[in-house]
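Residue numbers (my numbering): 231 to 552. Have a look at the structure below, then the notes.
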């Protein structure tokens, strides 16, 4: 793995761009949760595919796909970040979260599970928590079943974070946002019944919520019990793909934790609801979900609300598209 550039603020988030081979580019991220210190919460986001074949309507990581990152390649991203801060591999963070969600739908790559299975042996990290978010594409049952086994083996009792990315309860609109065949809500619910055990974290239902995109509490209640699922609402972050898809965020990041009727309706239905906005500066860094610095470097446009940090090239390497 050859690091070719980085961008960001060490007190909030940094994005690293790396090359494994011709056409094999990835990004990976380390992020803090101000005002918490790194020893309280440290989050790594790693790429699992070289690009992504799904092409979700708000995600800049689509547009090309050059295959799966190997187990060694995923670990290399993690290890690069770990050794910068904890050279001995002893990670004293109360919450050390590794999200397999920077570039690529992780359920397409079985190597993700190999990494999850090995992580407890790679570092001394009592706060280790893998985190996986999926659109639940069709045909990934073997991946999902093995993930359940690994969760029960290594991460039972609340040490694993699992998320279905839904974005809307309107199935026609969901297909427009996620333009591939996926599990239906009944299949997701059936898997959730097997996955969730007493003491586990609730399964997250994530909605990157666009204007005029419904979330119907009644539809969710037909499939997803508030005792086993929570709802996370996030903004549509400023990405080139969101602009091209005509998506406008329902959540106004300038309002902070303002009042939103959809959130009140979900709470009234019994759901725990998290409004996850994060640091607005992450949009400028390009570390937020759906953003992809390499896309910005190759696009002739320049976005007002995002990607304004200068990408620093490693000496003698340069950055493609810069």
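Note that CB positions come from ideal geometry on N, CA and C, so glycine has one too. None of these values were measured; they are calculated from a predicted model.
- With contacts defined by Cβ atoms closer than 8 Å, residue 274 and residue 242 do not form a contacting pair.
- Between the alpha carbons of residue 396 and residue 306 lies a gap of roughly 30 Å.
- Where residue 473 is concerned, the enclosing alpha helix (DSSP H) starts and stops at 470 to 474.
- Under DSSP, no beta-bridge partner is assigned to residue 518.
- Here the alpha carbons of residue 418 and residue 482 stand approximately 29 Å from one another.
- Unbroken alpha helix (DSSP H) runs of no fewer than 4 residues, entirely contained in the segment 252 to 335, are found at 301 to 315, following chain order.
- DSSP places residue 391 within a strand segment (E or B) once states are collapsed to three.
- Following the DSSP letters along the chain, one finds residue 236 inside the beta strand (DSSP E) bounded by residues 232 to 239.
- Contact between the segment 311 to 327 and the segment 506 to 526 is absent: fewer than 3 CB-CB pairs across the two stretches fall below 8 Å.
- With respect to the C-alpha of residue 266, the residue from 304, 238, 326 having the closest C-alpha is 326.
- With respect to the 8 Å criterion, residue 440 and residue 480 are classified as neighbours on the basis of their beta carbons.
- Inter-residue distance for residue 484 and residue 449 is about 30 Å (C-alpha atoms, whole angstroms).
- Ranked by Cα distance from residue 403, the first of 477, 349, 359 is 477.
- Contact between the segment 336 to 356 and the segment 367 to 376 is present: three or more C-beta pairs spanning the two stretches fall below 8 Å.
- According to the DSSP secondary-structure assignment, residue 437 is paired through a beta bridge with 463.
- Counting along the chain, the unbroken alpha helix (DSSP H) around residue 528 starts and ends at 523 to 528.
- Taking a contact as a CB-CB distance under 8 Å, the pair residue 349 and residue 392 does not count as one, their CB atoms being some 16 Å apart.
- Inter-residue distance for residue 429 and residue 389 is about 9 Å (C-alpha atoms, whole angstroms).
- Distance from the CA atom of residue 535 to the CA atom of residue 268, rounded to whole angstroms, is 27 Å.
- From the listed residues 492, 409, 436, the smallest Cα separation to residue 444 is found for 492.
- Residue pairing of residue 364 in beta bridges, as defined by DSSP: 394.
- Each of 380, 462, 410, 408 was checked against the Cα of residue 425, and the nearest Cα belongs to 380.
- A check of alpha carbon separations from residue 262 across 301, 328, 423 identifies 328 as the nearest.
- The DSSP-derived three-state label of residue 484 is helix.
- CA-CA distance, residue 501 to residue 423, rounds to 17 Å.
- The Cβ atoms of residue 299 and residue 256 lie closer than 8 Å to each other.
- Cα atoms of residue 304 and residue 474: separation of roughly 30 Å, rounded to the nearest angstrom.
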